[in-house]
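Protein chains in written order, with this note's numbering: chain A, 3 to 430; chain B, 3 to 430. Beta carbons: idealized from backbone N, C-alpha and C, even for Gly. Quick caveat: nothing in here was measured; it's all calculated off a predicted structure. Have a look at the structure below before the remarks.
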């Protein structure tokens, strides 16, 4: 054991203490990176370019292998590339595996085998965590290693670590997140330029901010997986992302933003969950949020997560939710934490038991609705259908808007579906 | 050793695992709370009211003693109150001491003795940490215990933990913080209501948001201690808060806000530091910041810290920077972390060696200046004195404003001090 002045305690084999921390030998770690795509190459960059920073936190880490099917001639790390996972698996010097392959297979099998061989694993793979997280955490526990996945939610924002390690005295009551950079980029552009969805999506695709097959982002599925991971983490039980009501942003128009501005609001794709009497409620949908809401600080590709808890009240965590280096940085931050806990299973997680998610019909919201015609001609019928309503005048020809009071989703959808001339609705 | 399904690994003596986590015996901790004022009573509330939440994070914690000179007849915890610190010191069952006394003495002596007796200490006492932090960290190290102080900066915002444990792969380049709730409350009120400083301060005092002796807040000393702690943490060396150039908000007027709005900006008291070639630069001063700056999400008593680092780019942490329960929650979050690491010295810190702080005269800023007269009459002289300048017209009779390009603080102050009719200056 070596207690370096002013630095972290680390278990090390050979300690040569000097006053220059860069010369100190601390915990020596060889890592393997699975997948040499965008995130994987970012991980290698962060580990090797910031080795001195990581060493100052007590961990001397280097990459020993990069697993990829391809070769990378001319790449500065080409000699580290291997094609056979068993080479990593059978090398006892490799204690940490950074998985950046994406998808469930072979990422699942490789992660499982790595942990069974006594290696800890960290990942940016939200599909895998949302799908097979409980199983992988169980494997980690059985093998006295750890499985960390900070980068799977909010990219570089340390939200999972905050929930696990900092807000440990807090009863988490609700979490609202802007968890998808692509949709936030599109909505921010639409707001600032008065442009419509299709045009902005096309531009975002050209600039590389949206994929050519953008459904996972614009239909809300990506945000849904992330809020499912958050619900799992705070409930300690598996949240099935397929049970979470999810709406994307494809129906949002520049006209909707005009009404939002009239209300002092803007429109964001919000992934939200809160504790209920029976369990949790979760939903992903566009929301008209107050311009003063601190979550609105997330403009463009930035993400933000607003946590409401009983003692601390509101706290917010903001940063780049995607991108090569921010995502890689979160994976490497996990790798450092894994290195600090070699031989100790400490990582939080959830069981395979499913958390009870309330049906969306039972949730309550206020709603904004756009409709053809004039408010004055429809006021009585609207009140009969929606209860208390307030007109919103954005001076749009041939249509009007109104907001409702708090009402149950089920009642609202019944009334909305029966509404003549309906154009769009957005939850407040 | 007990590995609870889905929960943290904790070292425990007697483990009775059941499926109901609230019944689980995990790590049993008795804590003592020093000082039963606002924060101290908050700490007791958080530990006892959220004992089930804390247990779900693997720590069964209860308060055994509360040290205070006073008695608290009728208080639900009156039986825990003791007047003699030695009673705590000599009780080996007490492993964690939460210090909420404020000031340097007797807080320093008690913290020192507690750690020498093998107890870990957490605190909200920023004066003590800024003044004697290095010494206390050294004592923690020598005694294989830990000294944590999350609540000393940003109240309930987990900024120190984020810097220590999450952003471990990041080269921290600069940090800007709104670190004082009182001044942010005053500036927010001034902005929203067009009111002047004295009137808002008086109201804040009446409401309890400002102290009767408000100098530590309004002159920036509180924010200064906090940024000194941040500089110490990221440089691993002691930053002397008395060496940090500090200006408060007493000279800010409603007229300044009019000019700020003309520039699309607002005014915040910003505690800032950045890495320089030779060491670090740090300053506390009012700043005219862009309205779109995410740090501007901190309105009223809220605090926010914006971190710029090389891989992650910008990330921001927002929450209540003061107040009984948020501050207490951060102390208890530290206590949980201490409980998880009994017997392991892990806490980060800094050495007694002083970090090199650049003289403020060498720092570069753009400046906003208000001056009597008309811009057109003074343009030539202003250009001669300040270099490139741009007028700002807020339609104020008998005066004008202008902004400079980036210039050295030393050059600016020379020019400003020689300026006839000068009214105020604010750094951008």
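Contacts that residue i makes with chain A (C-beta to C-beta distance below 7 Å)
i	result
residue 338 of chain B	170 and 171
residue 158 of chain B	314 and 317
residue 85 of chain B	Near residue 85 of chain B there are no residues of chain A at all, since even the closest Cβ is about 27 Å away, more than 7 Å.
residue 335 of chain B	168, 169, 170 and 171
residue 59 of chain B	170
residue 48 of chain B	171 and 313
Which residues DSSP lists as bridging residue i, in chain order
i	result
residue 101 of chain A	A:36 and A:125
residue 174 of chain A	A:311
residue 373 of chain A	A:402 and A:424
residue 320 of chain B	A:318 and B:306
residue 31 of chain A	A:63
residue 353 of chain B	B:239
residue 96 of chain B	B:32
residue 1 of chain A	The structure shown has nothing for residue 1 of chain A, since chain A only spans 3 to 430.
residue 347 of chain B	Note: residue 347 of chain B sits in no beta bridge, so no partner.
residue 253 of chain A	According to DSSP, which records beta bridges pairwise, residue 253 of chain A is partnered with nothing at all.
residue 359 of chain A	A:282
residue 429 of chain B	B:289 and B:369
Other residues of its chain near residue i: CB distance less than 6 Å, five sequence neighbours each side excluded
i	result
residue 23 of chain A	Because the pLDDT at residue 23 of chain A is just 33, under 50, the model does not fix this residue reliably, and the value given afterwards should be weighed accordingly. Cβ within range, chain order: 58.
residue 49 of chain A	63, 65 and 334
residue 408 of chain A	366 and 368
residue 261 of chain B	394, 396 and 403
Sequence-distant residues of the same chain with beta carbon closer than 8 Å to residue i, five excluded per side
i	result
residue 240 of chain B	135, 136, 234, 352, 353, 354, 355, 356 and 357
residue 314 of chain A	169 and 172
residue 105 of chain B	127, 129 and 130
residue 312 of chain B	172, 173 and 175
Option nearest residue i by Cα separation, candidates the options
i	options	result
residue 337 of chain B	B:231, B:38 and B:53	B:53
residue 122 of chain B	B:128, B:100, B:238 and B:174	B:100
residue 162 of chain B	B:376, B:360 and B:323	B:323
residue 259 of chain A	A:197, A:386, A:282 and A:207	A:197
residue 275 of chain B	B:209, B:187, B:381 and B:287	B:287
residue 285 of chain B	B:298, B:227, B:255 and B:110	B:227
residue 84 of chain B	B:71, B:78 and B:94	B:71
residue 221 of chain B	B:211, B:246 and B:252	B:252
residue 174 of chain A	A:407, A:127, A:184 and A:232	A:232
residue 188 of chain A	A:179, A:172 and A:211	A:211
residue 429 of chain B	B:185, B:415 and B:213	B:415
residue 154 of chain A	A:370, A:345, A:191 and A:131	A:131
residue 156 of chain A	A:381, A:404, A:141 and A:318	A:318
residue 332 of chain A	A:384, A:295 and A:127	A:127
Closer than 9 Å at the beta carbon, the chain B residues around residue i
i	result
residue 301 of chain A	294 and 296
residue 164 of chain A	160, 163, 164, 168 and 319
beta-carbon residue i near the ligand COA non-hydrogen atom, thresh 8 Å
i	result
residue 55 of chain A	The ligand COA is not among the ligands present in this structure, which contains no ligands whatsoever.
Limits of the unbroken beta strand (DSSP E) element including residue i
i	result
residue 181 of chain A	Element bounds for residue 181 of chain A: n/a, residue is neither H nor E.
residue 62 of chain B	61 to 69
residue 292 of chain B	282 to 292
residue 147 of chain A	Counting along the chain, residue 147 of chain A falls outside any beta strand (DSSP E), and DSSP gives it neither H nor E.
residue 202 of chain B	No beta strand (DSSP E) contains residue 202 of chain B, which is instead part of the alpha helix (DSSP H) from 199 to 209.
residue 160 of chain B	Unbroken run through residue 160 of chain B: none, as it is neither H nor E.
residue 393 of chain A	391 to 394
Cβ neighbours of residue i in the same chain (closer than 7 Å, five flanking residues each side left out)
i	result
residue 25 of chain A	Note that residue 25 of chain A scores a pLDDT of 30, beneath 50, so its modelled location is shaky and nothing firm can be said.
residue 150 of chain B	124, 336, 339, 340 and 349
residue 418 of chain A	371, 424 and 427
residue 376 of chain A	402
residue 256 of chain B	192, 196, 197 and 198
Boundaries (first-last residue) of the alpha helix (DSSP H) holding residue i
i	result
residue 263 of chain A	256 to 264
residue 272 of chain B	Where residue 272 of chain B is concerned, there is no enclosing alpha helix (DSSP H), although the beta strand (DSSP E) it sits in stretches over 267 to 277.
residue 223 of chain A	223 to 237
residue 220 of chain B	217 to 220
residue 114 of chain B	109 to 118
residue 55 of chain A	53 to 58
residue 78 of chain A	First-last for residue 78 of chain A: undefined, no H or E at that position.
residue 328 of chain A	326 to 342
residue 90 of chain B	87 to 91
Under 9 Å by beta carbon: chain A residues contacting residue i
i	result
residue 56 of chain B	170 and 171
Proximal residues of chain B, C-beta to C-beta of residue i below 7 Å
i	result
residue 1 of chain A	This structure gives no information on residue 1 of chain A, because the portion of chain A shown stretches from 3 to 430.
residue 331 of chain A	171, 172, 313 and 314
Beta-carbon neighbours of residue i, restricted to chain B and to distances below 8 Å
i	result
residue 52 of chain A	171, 172, 173, 312 and 313
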